[in-house]
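The next block holds one structure in the form of structure tokens; read it before the comments.
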Amino acid sequence: MALYNLLMWFLLLLIPLLLLLKKIMQVNEIKLQLPPSPPQLPIIRNLHQLGALPHQSFMKLSQKYGPVMLLKFGRIPFVIISSAEAAREVLKIHDLNTCNRVQLTGTRKLTYNCLDLAFAPYDDYWRQMRKICVLELFSLKRVQSFRFIREGEVASLMDTISQSASSATPVDLSEKMFALTASIVFRMAFGQIFQGSDLDNHKFEKLIRATEYFMGGFTTEECIPYVGWIIDRLNGYHAKLEKVFHELDTFFEKAINDHLKPERKIQGQEDIIDVMLKIEKDQIKPGEAQITKDNIKAVLLDIFLGGVDTSAITVVWAMSELARNPRLMKKAQEEIRNCIGKKGRVTEDDIDQLPYLKMIIKETLRLHPPSPLLLRETTSHFKVNGYDINPKNLIQVNVWAIGRDPKYWKNPEEFYPERFTNNSIDFKGNNFEYLPFGSGRRICPGIHIGLITSEIALANLLYCFDWKLPNGIKKEDINMEEASGGSLALSKKTALNLVPVNYLQ
């Protein structure tokens, strides 16, 4: 009886305390000027307003609720940024408050992926790994040292396409460009030819797509409290996730062990694993985060996810836009062919003499940025456009929407490379109406390698061949829809098939 009375007194005291706490929280919320938000449903909140292509859904909502908007997907609060001015506040003025990336949780922290540079928190480890990437792996000198790989793989691709041109056979440029960039990344990272590896073309592409799916977006467990993990279990999400990362880990483990064999000798150019193993061996500074094999795997994961798809996708979008605009394609081809003459191939030395080609790449990245949403996590309170942004909010800067905003771009839906004539806008993240590679501390470290790969591939496609549409297809029939499905990169929904015609017989 005494215990019962004590419990009753405890409950009687607890209820007013909880009511007081709720009142205090409500007062605090009133004091805060939170961003506007669309109406929410219980539990799922704003999930029902999220379509298959989130960046497009966000743009439509921002047109009604403004360039700074608060959404909740289950229990996760998102602040959506859809203007250059607000992006500048987030990525420049408050860069230090938003330099974290959303942390992988639950089963997605299965292995070394929690050390992935793209998802690692802003700490000593991240700063050291970022320094290694910028100064060692993706420096201009290192990028130039891999020139022979890029030019060799591009030449091999041109020879393959030339055979199709001889028989007037349509070429799947989406598949060809993925194979090209995969081969380049393979040779840079592992020092071996893609076709001779343990992963064949189809299996490797499938593995990359699966990894992007699991690394992009959020799980049901992360969005819906209490019951989300049950849904993930029932639909087999966990088992599929474990399988994909086991395959990745096995592949990376074998590649690293092959480089550690005593009989292996470096012939010519060091690859990425060679460089990372050397850094691991030579690290002596006390107090610094030590590089481990898991760190090397994490960097390899970054290179695969950031290096294979993005350059391929950029070239496919560029060729799609040019196929729909024959005048622009002819203008680009005339520039390249007048510059190169009968030399047979475009080399990287020639690229700086092709300003219109560079404008095409810029315009492609404006309309079709590889990463349409820049994801950050806030570490402390600050204001954007007068609105309060709380810690632990996830911020998504809608690069795709900003690049199509008529406030910054005349006729924004039109593919018009000439808009960059005598224009100082660049990729360095200081022009907030144009952020294809991000900005601030989290700007993509692989800008140089991504650009030169896209440029050399596109230049040779336009130099070596004239391009026709398959029989029965008109330029208006080219499908320009974007693919959905959680990929980290914004790819074209349908493959691009064009018929090549040899320029130099």
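Numbering (mature numbering (1 follows the signal peptide of the UniProt record, and there is no 0)) for the sequence shown: -21 to -1, 1 to 484.
By construction, the Cβ of each residue, glycine as well, lies at the ideal position given by its N, Cα and C atoms.
Selected residue, minimal CA-CA separation from residue i, among the options
i, options, result
"P424", "T326, E313, G285", "G285"
"N79", "G170, L333, I374", "I374"
"L13", "L29, Q28, Y44", "Y44"
"Y413", "W388, V58, N450, M48", "W388"
"V294", "N401, E392, I339", "I339"
"C443", "P385, T326, L20", "T326"
"T400", "L336, S143, L448", "L336"
"L437", "H238, L333, K39", "L333"
"T357", "I368, G215, S141, K71", "I368"
"I210", "K219, V164, T198, L220", "T198"
"K276", "K309, S299, I245, F230", "F230"
"E130", "L279, S153, S433, P348", "S433"
"S62", "K322, S41, G53, P56", "S41"
"E226", "V376, H238, L186", "L186"
"D331", "C318, G323, Y366", "C318"
"R166", "R324, I128, Q35, L346", "I128"
"K341", "V113, R24, S403, E232", "S403"
"P149", "D102, P449, G53", "P449"
"residue 514", "R54, A468, I435", "This structure gives no information on residue 514, because the portion of the chain shown stretches from -21 to 484."
"S290", "I251, A468, V113", "A468"
"I435", "D151, V133, L11, L116", "V133"
"K10", "G365, P396, S141", "G365"
"A234", "K222, V223, E221, D250", "D250"
"P348", "S470, S463, N372", "S470"
Terminal residues of the beta strand (DSSP E) in which residue i lies
i, result
"L373", "373 to 377"
"N369", "First-last for N369: undefined, no H or E at that position."
"V480", "476 to 481"
Bridge partner(s) assigned by DSSP for residue i
i, result
"E461", "K471"
"M48", "I59"
"L20", "R24"
"V363", "Y366"
"N79", "E356"
Segment limits, alpha helix (DSSP H) that includes residue i
i, result
"K447", "Element bounds for K447: not the alpha helix (DSSP H) but the beta strand (DSSP E), 444 to 447."
"N450", "Premise fails: N450 is in no alpha helix (DSSP H) and is neither H nor E."
"R212", "207 to 213"
"I235", "216 to 239"
"I258", "251 to 261"
Residue i to residue j span [Cα, whole Å]
i, j, result
"I428", "Q123", "9 Å"
"R126", "V363", "43 Å"
"G417", "E68", "14 Å"
"T190", "F183", "11 Å"
"R212", "L26", "20 Å"
"residue 503", "V254", "What is shown of the chain runs -21 to 484, which leaves residue 503 out entirely."
"I426", "F406", "8 Å"
"Y482", "D288", "28 Å"
"T139", "H73", "49 Å"
"N274", "K51", "33 Å"
"G247", "E313", "37 Å"
"G408", "I457", "32 Å"
"K447", "V478", "5 Å"
"L49", "K240", "53 Å"
"A473", "E242", "A small fix is needed here, since residue 473 is Thr in this sequence, not Ala. T473 and E242: Cα-Cα distance of roughly 46 Å."
"M156", "L344", "17 Å"
"F394", "A161", "28 Å"
"L256", "T271", "9 Å"
"R421", "G451", "46 Å"
"T90", "F411", "Model confidence at T90 stands at a pLDDT of 45, short of 50, so the residue's coordinates are unreliable; what they give is reported in the following sentence. Roughly 35 Å between the two C-alpha positions."
"A65", "N304", "34 Å"
"G419", "L119", "19 Å"
"L475", "L136", "16 Å"
"K39", "G320", "47 Å"
"P56", "V164", "36 Å"
"L159", "F169", "15 Å"
"residue 486", "D281", "Nothing can be reported for residue 486, as the shown portion of the chain is limited to -21 through 484."
"H34", "I381", "10 Å"
"S36", "P18", "15 Å"
"L354", "L430", "22 Å"
Scan the region 384 to 418 and note each continuous beta strand (DSSP E) run of 3 residues or more that stays entirely inside, going in chain order. Counting only runs of 3 or more residues that sit fully inside the region 384 to 418, no beta strand (DSSP E) segment turns up.
Counting only runs that start and end within the region 274 to 356, where is the beta strand (DSSP E) found for 3 or more residues in a row? DSSP runs (the beta strand (DSSP E)) wholly in the region 274 to 356: 352 to 356.
Length at least 4, wholly inside the region 97 to 179: the alpha helix (DSSP H) runs in chain order: 103 to 111, 119 to 124, 126 to 145, 152 to 169
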